[in-house]
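To start, the structure under review is shown below, and the notes come after it.
Residue numbers (the working numbering): 170 to 309.
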């Protein structure tokens with residue numbers, strides 16, 4: 170889901186950065202091809218402090234956070250910490266997680282936070298970003 174979001178957002182003129190991506194993941198290749206600021210971890214490695222703090226640095230510069238609804242596994246669990254950090258910084262957080270059950274099954278129950286804006290599609294995220302930023306999102 171990340172790769173599609175990156176393309177859609179860049180095509181609409183948004184500046185995009187990523188959470189921590191694994192070097193062998195499709196999202197990492199797409200982010201690199203689009204020239205996105207990104208935090209990268211080695212293939213099949215748990216997110217290290219170095220990659221996490223790079224992601225945190227990018228987060229501090231971001232206007233909002235988008236949770237693509239990625240499957241939560243041991244290797245990428247710290248991306249949830251980045252989302253929580255965004256909430257702590259009072260940044261708008263948009264999430265594609267489908268339901269409370271999806272969030273709980275992904276061990277991301279803290280993302281049930283009421284400040285998280287649930288979106289049913291990438292298009293809905295674009296519409297909400299447009300409303301937030303005043304940026305035109307034609308042909309979404």
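Backbone N, C-alpha and C define an ideal beta-carbon position, used for all residues, glycine too.
Where the beta strand (DSSP E) through residue i begins and ends
i, result
"residue 190", "186 to 191"
"residue 197", "No beta strand (DSSP E) contains residue 197, which is instead part of the alpha helix (DSSP H) from 195 to 202."
Closer than 8 Å to chain C by CB, residue i
i, result
"residue 191", "The question asks about chain C, but that chain is absent: this structure has only one protein chain."
Sub-8 Å separation of residue i and residue j beta-carbons
i, j, result
"residue 227", "residue 255", "no"
"residue 186", "residue 207", "yes"
"residue 286", "residue 263", "yes"
"residue 191", "residue 244", "yes"
Residue i - containing alpha helix (DSSP H), residue span
i, result
"residue 183", "Here residue 183 belongs to no alpha helix (DSSP H), and DSSP marks it neither H nor E."
Assigned exposure category for residue i - 16 Cβ within 10 Å defines buried
i, result
"residue 272", "At residue 272 the pLDDT is 47, less than 50, meaning the model places this residue with poor confidence; the figure from the coordinates comes in the next sentence. The residue is buried, with at least 16 neighbouring Cβ atoms inside 10 Å."
"residue 224", "buried"
"residue 247", "buried"
"residue 196", "buried"
"residue 222", "exposed"
Cβ separation of residue i and residue j, assumed to be a contact under 8 Å, to the nearest whole Å
i, j, result
"residue 176", "residue 199", "7 Å"
"residue 260", "residue 231", "7 Å"
Beta bridge counterpart(s) of residue i as assigned by DSSP
i, result
"residue 287", "264"
Proximity test, residue i beta-carbon vs the ligand NAD heavy atom, cut-off 7 Å
i, result
"residue 240", "Of ligands this structure carries none, so the ligand NAD is not represented either."
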